[in-house]
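Novice:
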Amino acid sequence: MQQKNIRNFSIIAHIDHGKSTLADRLIQLCGMVTDREFKDQLLDNMDIERERGITIKSQTICLPYKAKDGKEYLLNLVDTPGHVDFSYEVSRALSCCEGALLLIDAAQGVQAQTLANLYLAMENDLAIIPVINKIDLPSADPEAVAMQIEEDLGLDANAIQMCSAKTGQGVDAILEAIVNLLPPPEGDPDAPLQALIFDAHYDPFRGTVISCRILNGIVKAGDTIMFMSNKAAYKVDEVGLFRLERIPRKELRAGQVGYILAGIKTVSDTRAGDTITLKDNPCRQALPGFKEIQQVVFSSIYPISTDEYENLAAAMEKLTLNDSSLTYQKDASTALGFGFRCGFLGLLHLEVIQERLEREFDIPLILTVPSVCYHFYLTDGTMREVDNPAHFPDPAAISRTEEPFIKATILMPERYMGAVMTLCMERRGENTHYHYPTPGRIELTCELPLAEVIYDFYDRLKSITQGYGSFDYTLIDYRPSDLVKLDILVNAEKVDALSQLVHRIKARERALHACARLKEEIPRQMFKIAIQGAIGGNIIARETISALRKDVTAKCYGGDISRKRKLLEKQKAGKKRMKTVGNVDIPQSAFLAVLKSDER
855 MQQKNIRNFS
865 IIAHIDHGKS
875 TLADRLIQLC
885 GMVTDREFKD
895 QLLDNMDIER
905 ERGITIKSQT
915 ICLPYKAKDG
925 KEYLLNLVDT
935 PGHVDFSYEV
945 SRALSCCEGA
955 LLLIDAAQGV
965 QAQTLANLYL
975 AMENDLAIIP
985 VINKIDLPSA
995 DPEAVAMQIE
1005 EDLGLDANAI
1015 QMCSAKTGQG
1025 VDAILEAIVN
1035 LLPPPEGDPD
1045 APLQALIFDA
1055 HYDPFRGTVI
1065 SCRILNGIVK
1075 AGDTIMFMSN
1085 KAAYKVDEVG
1095 LFRLERIPRK
1105 ELRAGQVGYI
1115 LAGIKTVSDT
1125 RAGDTITLKD
1135 NPCRQALPGF
1145 KEIQQVVFSS
1155 IYPISTDEYE
1165 NLAAAMEKLT
1175 LNDSSLTYQK
1185 DASTALGFGF
1195 RCGFLGLLHL
1205 EVIQERLERE
1215 FDIPLILTVP
1225 SVCYHFYLTD
1235 GTMREVDNPA
1245 HFPDPAAISR
1255 TEEPFIKATI
1265 LMPERYMGAV
1275 MTLCMERRGE
1285 NTHYHYPTPG
1295 RIELTCELPL
1305 AEVIYDFYDR
1315 LKSITQGYGS
1325 FDYTLIDYRP
1335 SDLVKLDILV
1345 NAEKVDALSQ
1355 LVHRIKARER
1365 ALHACARLKE
1375 EIPRQMFKIA
1385 IQGAIGGNII
1395 ARETISALRK
1405 DVTAKCYGGD
1415 ISRKRKLLEK
1425 QKAGKKRMKT
1435 VGNVDIPQSA
1445 FLAVLKSDER
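Note that my numbering has the sequence shown beginning at 855, numbered continuously upward.
Right under this line is the structure:
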């Protein structure tokens, strides 16, 4: 296939605007799958993606297409996620494309992630084709959306394509637009090999499967490749293209997107953003790769059984190969043993990683309360970054504290304005502004502490807007805050895995919630159990689990009352002694219950 007949493009959009559905239609139109074999979300191959109806991983597929002018083309399609937590996936996918389809819902118009993904595409100098999807909906207003695209996004109205990915209407015109409006890839097949790794996953039978874009040169089976970051060299076993499954080819040439198998068992050798070249004829310099991603949510992950620690370590290594936005380091807890302190891009990212570890690697887990990175300025003039309550400095040594703030952008129908404003004020929101991008819809911007957002903000927003509210945010700065460490005590013993850093005005509310949840989950014992929330030595919340009581007076009937009293006093003394030596086992469900909000 000649280089001028190759097109590398991506589909980008806000959540639920129809990216995966359009990808399904394009695959069907190119004859990649029969009607009998077809199923929705063809490229979403993880169970969790199908259950939630969202795309989590970018997926690549190579489509053969015969245009109306009779020429044959090779279209490399990358389907991307829409959620803000997976924007790093989008940025990596766009690095291997020359063009993008910007998908916009005909009923909802331009949304928060539409803009964010458009800016990402512009940073990568991509040619953009705006596509208005869902024109078959009764509430669709494609003319108004087309005006929005021209005025708000500054894109050419003449290039707009109209389609319904659900029914297939207008999709054939999109294929023609891809061929005619998007540029072919550049690159010199005769130059030394220069390939960019944009993704990888681990195959237990073949080792690491590298997804790469060949920028210059040619790679084929038998070549010895080298990773430029660590100089590790491997002999290539197989190269090929992504169809619905891997299709081997003799070679991959400049401009193509495909995979390389080289029997790579050392998972840490492969890194997204690294450059592959030939060992015998290396390229002059490495590609710039991807910018370092900034994690915003931190939580510790522990295996329920301590025997699973080694398996968890291997699983984390394989998962970071597939998801380079996840970071982790070793951690330990007196209550839960050895585990890992992990950094995530958001709360949905955290949930997805937890589910992937449990499903793909069969490791049941316990997570600690999510936290963000705080700045503590100490009296000796130093500044300490703390994302783990275990590293909370001595309160006497703290001169001031700062927490991260975000600028939240919320798009919603006008009728939910009051409820959303109340929610933002409850979460210590400030500098609230709003405007009307279209009649009946409000865009609200508000500055909020990140710690208030990661707790349960997104769930509450979806509840009060009945699913119509969309939310996007960017980190802006650190601001002064009054932070305290909230400890949870069970039977007068601190449970370090339940400690959390909170703002002082929220401490009692969080403590009451944690104590109430633990009371529901911890089974009753033969002695009374006190569950307490404390800041330092001050108890600010308490719940008590009453003891199971054996009826020791059952055998006494009639007779002197002093006999019964004697038995009850003996039982009371036994319970007192038991309470001082008794240990309370906290079930896994109790740790998970503390993470969940009461309000749904």
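By construction, the Cβ of each residue, glycine as well, lies at the ideal position given by its N, Cα and C atoms.
In this structure, what does DSSP give as the bridge partners for Asn987?
Specialist: In DSSP, Asn987 forms a bridge with Asp959.
Novice: Rounded to whole angstroms, what's the CA-CA distance from Lys988 to His1367? Just pull it up for me.
Specialist: So the alpha carbons of these two residues sit roughly 43 Å apart.
Novice: Secondary structure at Thr1233, three-state DSSP: helix, strand or coil?
Specialist: The answer is coil: DSSP assigns Thr1233 none of H, G, I, E or B.
Novice: Tell me which same chain residues have a C-beta within less than 8 Å of the C-beta of Arg1454, skipping the five on either side of it?
Specialist: With a pLDDT of only 37 at Arg1454, under 50, the local geometry of the prediction cannot be trusted, and the value read off the model is given with reservation. Within the same chain, Arg1454 has close Cβ partners Asp1313, Ser1317.
Novice: So, using beta-carbon positions, are Gly1109 and Ile860 closer together than 9 Å?
Specialist: Yes; because the gap between Cβ atoms is below 9 Å, this pair is in contact.
Novice: Which whole runs of the alpha helix (DSSP H) in the segment 1014-1102 are 4 residues long or more, in chain order?
Specialist: Here the runs fully enclosed are 1025-1035.
Novice: Nearest-angstrom Cα distance between Arg1456 and Glu1374?
Specialist: Residue 1456 lies beyond the stretch modelled for the chain, which goes from 855 to 1454, so this question has no answer here.
Novice: Check each candidate in Asp1042, Ile1079, Val1063, Ile915 and name the one with the smallest Cα separation from Lys1172.
Specialist: Of the candidates Asp1042, Ile1079, Val1063, Ile915, the one whose C-alpha sits nearest the C-alpha of Lys1172 is Val1063.
Novice: According to DSSP, is Pro1293 part of a helix, a strand, or is it coil?
Specialist: Of the three classes helix, strand and coil, the one that applies to Pro1293 here is coil, per DSSP.
Novice: Using 8 Å as the Cβ pair cut-off and three pairs as the minimum, do the segment 992-1009 and the segment 1048-1059 touch?
Specialist: No contact exists between the segment 992-1009 and the segment 1048-1059.
Novice: Could you pull out every unbroken alpha helix (DSSP H) segment of at least 4 residues lying fully inside the segment 1300-1361, listed in chain order?
Specialist: The segment 1300-1361 contains these whole alpha helix (DSSP H) runs: 1304-1318.
Novice: Which residue spans inside the segment 1192-1255 form an unbroken beta strand (DSSP E) run of at least 3?
Specialist: If we require 3 residues or more, the beta strand (DSSP E) runs fully inside the segment 1192-1255 come out as 1219-1221, 1228-1232, 1237-1240.
Novice: What are the boundary residues of the alpha helix (DSSP H) that includes Ala1000?
Specialist: Looking at the DSSP string, the run of the alpha helix (DSSP H) that includes Ala1000 is 996-1006.
Novice: Taking buried to mean at least 16 other C-beta atoms within 10 Å of its own C-beta, is Glu1397 buried or exposed?
Specialist: Buried, since its Cβ has 16 or more Cβ neighbours within 10 Å.
Novice: Between Asp1341, Ala1361, Gly1112, which has its C-alpha nearest Leu1352's C-alpha?
Specialist: Measuring from the Cα of Leu1352, the nearest candidate turns out to be Asp1341.
Novice: Among Leu956, Leu1009, Lys1348, Asp923, which residue has its Cα nearest to the Cα of Gly934?
Specialist: For the record, residue 934 in the displayed sequence is Thr; it is not Gly. When each option's Cα is compared against that of Thr934, the closest is Leu956.
Novice: Indicate whether the contact test is met: 3 or more Cβ pairs, each with one atom in the segment 1252-1270 and one in the segment 1179-1186, closer than 8 Å.
Specialist: Contact fails: fewer than three Cβ-Cβ distances are below 8 Å.
Novice: Within 10 angstroms of the Cβ of Ile1330, are there 16 or more other Cβ atoms? Answer buried if so, exposed if not.
Specialist: Label assigned to Ile1330: exposed.
Novice: I need the straight-line Cα distance from Leu1166 to Asp1177, nearest angstrom please.
Specialist: Approximately 16 Å between the Cα atoms of the pair.
Novice: Looking only at its chain, what residues have a beta carbon closer than 7 Å to the beta carbon of Arg879, apart from the 5 residues adjacent to it on each side?
Specialist: Here the set comprises Ala1019, Gly1022, Val1025.
Novice: Counting Cβ pairs, one atom from each stretch, are 3 or more of them under 8 Å apart for the segment 1220-1231 and the segment 1343-1357?
Specialist: Cβ pair count under 8 Å is three or more, so yes.
Novice: Straight-line CA distance for Tyr1270 to Val964?
Specialist: Going by the C-alpha atoms only, they are around 19 Å apart.
Novice: Going by alpha carbons, who is nearest to Ala1013 out of Met1001, Leu1035, Val999?
Specialist: It is Leu1035.
Novice: Assuming Lys1382 is part of the beta strand (DSSP E), what are its boundary residues?
Specialist: Looking at the DSSP string, Lys1382 is not in any beta strand (DSSP E), and its letter there is neither H nor E.
Novice: Fully enclosed by the segment 1128-1183, which alpha helix (DSSP H) runs are 4 residues long or longer?
Specialist: Counting whole runs of 4 or more residues, the segment 1128-1183 contains the alpha helix (DSSP H) stretches 1163-1176.
Novice: Which residue wins for smallest C-alpha separation from Gly1112, given the options Ile1051, Val1344, Ser1083?
Specialist: Of Ile1051, Val1344, Ser1083, the residue nearest in Cα terms is Ile1051.
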